[in-house]
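Quick notes on the structure that follows.
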Amino acid sequence: MSPLLDVNDLRMTFRGGVRAVDGVSFSVRQGETLGLVGESGCGKSTTGRMIVRLLEPSGGQVTFDGRDITHVSRRRLLPLRGDLQMVFQDPFTSLNPRRTAAQIISGPRRLLDRDGTIALLERVGLGAEHADRYPHEFSGGQAQRIGIARALASRPKLVICDEPVSALDVSIQAQIVNLLRKLQEEEGLAYVFIAHDLSVVAHMCDRVAVMYLGRIVEIGDRKTVYADPAHPYTRALVSAVPLPDPDLEQDRERIVLLGDPPNPASPPAGCTFNPRCAKAQNICRQEAPVLRLVRGRQAACHFPD
Amino acid sequence: MATTPSTRSGRSPGRIAFDRLKRDPAALFGASIVAVFVAVALGAPLLTALSGWDVQTFDKSAIDRSLGGVPYGDLGGIGAEHWLGVEPGTGRDVFARIVYGARVSLLISVAATAVTVVAGTVIGLVAGYVGGRTDTILCRVMDLVMSFPSLIFMLALLSVAPDANRVLLLIAIMSMFSWPYVGRIVRGQALSLKHQEFVDAARVGGGRAAHILFKEMLPNITGPILVYTTLAIPANIGTEAALSFLGVGVRPPTPSWGQMLDDSLKWYQVVPSYFIVPSVCLFLTVLAFTLLGDALRDALDPRGTNA
């Protein structure tokens, strides 16, 4: 079966030569969740925005449901819009303050009638009494539920979740993650779940792609990647995930990355991770590693662990 | 928790501003004067029927022809017969000319403001949202228009323009020079709004450009536009009066406050009331609209207190 979403060598170069996304490839099957993780500025949000065509890719290809949507016009994209939706990071700026919850949910194309809106509100854990309220009357968690309801109004097949919980309190994060999982089971949705926090991704995803400076450095099964990371960057990220057991938490070794990610306008030669990598050798400064199979997942490292 | 009606759910941001406005004495004062003048302008035929004198009737019995037309009686003939006196030289009723003048002043200034605001808003929204080359071109055009010394150009244009419909001509020329001011404000707001995620969300939802511009973005900038509108109306009343005063505004016999002021200059030593009446009317309307505009700006300020 062909995948629902296939992203091939996607590139985004902003004005001034900043290569925000530099050749990213992955695919998402129906009903599956792919986590896209990395530090801020690594290009994960840009990737998500290119998939829903909020940004025009500078290169590469996005195939959705068997059709190349990389550069199709707004009108040709319209029939697919319903199948491809997005949940945004900031629950407040993503809701228009001058529109009621019901207006927001049924969207520009007025997809739902009153009953449909209320039914959807109930499915995301809100009620009919919320339909006529304005965004400023909601809490962050409630506002994000409305953002999720809006994405679901058109019964999509794939939802890009762009850090949907990172602006919320930790206690609310779990509720929203559980809601997203429940909806996934009910609807057979596929998610691309963008996050900078591996512990959130751990609860959500079937597969994980770790991005660094516009490229995927490791991609594979969540269990494989988490249990035994191959790329030193992934290893550092995984070591930062808090463990529930306090004894284990105390004893384990943390890998602290030094420095900041390099400027994407002038990335270092060779492996872009080499200035922060403990294992960097001469070859790392000269030759960029490509993704290759390492113990059941793909990693881009000359010296995988 | 106690819920008073004003904190009930579903209170839109516009509603909140309106509730604040209702508690502001300056706003109430301004609004009531504006209401009086609007009522006067709308009910002009009724009011002149009540006072018994229409705009064009010459009352020869009210002026002393041997003195060149000075009105009989004190204060320019103010009394039971002519409520605000008569026009020196002709004997026309000043009250009638004031109420019909209010029609002309308000019609021209409100219409010119409406054209200005609509044109400026649409152009500003498009420039801000579309960006790129469209934005550059529209901005240069706005700069160009704003760099004209507008009063001089209005005088020149109005002097050479054909005398077909003076009111329409005034509206067109006044708005021609003022739309870029709205355009600038709206463009700036549109620029910051278009990067908000709710605009992205509308695009992902398949919204067409018209929906995004007028349903998503415009409702978020009604505040500044409304404030500009209420402040532009008094400015336009002033401009219309100035143009009529300078002799290029509405043509007699159509009455206008500016024209009356111009006429009164010839008589101000003998009949000061003829000068005072239109001045007070101009002053009051301009003051009222300005108060209302200022109050509106405060009411719409999200950082304002007692929401």
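As you go down the protein sequences, you meet chains P and Y in turn. Heads up: the first sequence runs through residues 1158 to 1462, numbered per the numbering used here. Heads up: the second sequence runs through residues 5 to 311, numbered per the numbering used here. Glycine included, C-beta positions come from ideal geometry on N, C-alpha and C.
Simplified DSSP state of L1241 (chain P), which is helix, strand or coil
strand
Measure from the C-beta of G209 (chain Y) to each C-beta in chain P and report whether the shortest distance is under 8 angstroms.
yes
Using 8 angstroms as the cut-off, can you tell me whether the stretch 1243–1253 of chain P makes contact with the stretch 189–209 of chain Y, which would need three or more C-beta pairs spanning the two stretches below that distance?
yes
Host beta strand (DSSP E) of G95 (chain Y) (start-end):
Careful: G95 (chain Y) lies outside any beta strand (DSSP E) and carries neither H nor E.
Across the stretch 1424–1433 of chain P and the stretch 1360–1375 of chain P, are there enough close Cβ pairs to call them in contact, namely three or more that are closer than 8 angstroms?
yes
Taking D204 (chain Y) as the query, report the chain P residues whose CB atoms sit under 9 angstroms from its CB, ordered along the chain.
R1206, V1209, L1211, M1243, F1245, S1251
Measure the alpha-carbon distance for E1213 (chain P) versus L1394 (chain P) and round it to whole angstroms.
30 angstroms
Strictly by DSSP, which residues pair up with T1170 (chain P)?
P:R1176
Whose Cβ in chain Y lies nearer than 7 angstroms to the Cβ of Y1348 (chain P)?
Per Cβ cutoff of 7 angstroms: no residues; Y1348 (chain P) is ~15 angstroms from chain Y at best.
Local conformation of T1227 (chain P) per DSSP, three classes:
coil
CB-CB under 7 angstroms to D1329 (chain P), same chain, minus the five flanking residues each way: which ones, in chain order?
With the sequence shown as reference, residue 1329 (chain P) is identified as Ile, and Asp is not the correct amino acid for it. The answer, listed in chain order, is G1297, G1298.
Quick check: is the beta carbon of P223 (chain Y) nearer than 8 angstroms to any beta carbon in chain P?
yes
Could you give the C-beta distance for D266 (chain Y) and S248 (chain Y), rounded to a whole number, given that I count them as a contact under 8 angstroms?
7 angstroms
Go ahead and label N169 (chain Y) buried or exposed: buried means 16 or more other beta carbons lie within 10 angstroms of its beta carbon, across all protein chains shown.
exposed
Rounded to a whole number of angstroms, what is the C-alpha to C-alpha distance between M146 (chain Y) and L1167 (chain P)?
40 angstroms
Please list, in chain order, the chain P residues whose beta carbon lies closer than 7 angstroms to that of Q200 (chain Y).
T1250
Shorter than 8 angstroms from the beta carbon of S16 (chain Y) to some beta carbon of chain P?
yes
Would you call the stretch 1212–1226 of chain P and the stretch 1390–1407 of chain P touching, i.e. three or more CB-CB distances under 8 angstroms?
no
Apart from the five residues just before and just after S10 (chain Y), which ones in its own chain have a Cβ nearer than 7 angstroms to its Cβ?
Note that S10 (chain Y) scores 40 on pLDDT, short of 50, meaning its location in the model is unreliable and no value can be drawn from it.
Quick check: is the beta carbon of T91 (chain Y) nearer than 8 angstroms to any beta carbon in chain P?
Position check: residue 91 (chain Y) holds Glu in this sequence, whereas Thr was assumed. Not an interface residue.
Proximal residues of chain Y, C-beta to C-beta of R1307 (chain P) below 8 angstroms:
A205, G209
Distance between H1293 (chain P) and R1307 (chain P) (C-alpha atoms, nearest Å):
17 angstroms
For a test of the three-state rule: what should DSSP assign to R1364 (chain P), helix, strand or coil?
strand
Three-state secondary structure assigned by DSSP to R1271 (chain P):
helix
With contact counted as at least three CB pairs below 8 angstroms, one residue from each stretch, are the stretch 1317–1333 of chain P and the stretch 1374–1381 of chain P in contact?
no
Within 7 angstroms of chain Y by C-beta, residues of the stretch 1220–1237 of chain P in sequence order:
L1235
Enumerate, from N- to C-terminal direction, the unbroken alpha helix (DSSP H) stretches of 4 or more residues contained entirely within the stretch 144–174 of chain Y.
154–164
Boundaries (first-last residue) of the alpha helix (DSSP H) holding L269 (chain Y):
Unbroken run through L269 (chain Y): none, as it is neither H nor E.
Could you compute how far the alpha carbon of W238 (chain Y) sits from the alpha carbon of G105 (chain Y)?
Just to set this straight, residue 238 (chain Y) is Pro in the shown sequence, not Trp. Cα-Cα distance, rounded: 15 angstroms.
Residues bridged to V1451 (chain P) by DSSP?
P:R1454
Alpha carbon to alpha carbon, how far is M5 (chain Y) from S1263 (chain P)?
With a pLDDT of only 37 at M5 (chain Y), under the threshold of 50, the placement of this residue in the model should not be trusted; the figure read from the coordinates follows. Looking at the two C-alpha atoms, the distance is approximately 32 angstroms.
Could you name the residues of the stretch 1262–1292 of chain P whose beta carbon sits closer than 8 angstroms to any beta carbon of chain Y, in the order they occur along the chain?
G1264, P1265, R1266, E1286, D1289, R1290, Y1291
Considering only residues of the same chain and omitting the five flanking positions on each side of S277 (chain Y), which have a CB-CB separation below 7 angstroms?
L79, G80, I82, G89
With 8 angstroms set as the bound, which would you pick, yes or no: does the beta-carbon of E220 (chain Y) sit closer than that to a beta-carbon of chain P?
yes
Length of the line joining the Cα atoms of L1277 (chain P) and L1405 (chain P):
42 angstroms
Whose Cβ in chain Y lies nearer than 7 angstroms to the Cβ of R1312 (chain P)?
Near R1312 (chain P) there are no residues of chain Y at all, since even the closest Cβ is about 13 angstroms away, more than 7 angstroms.
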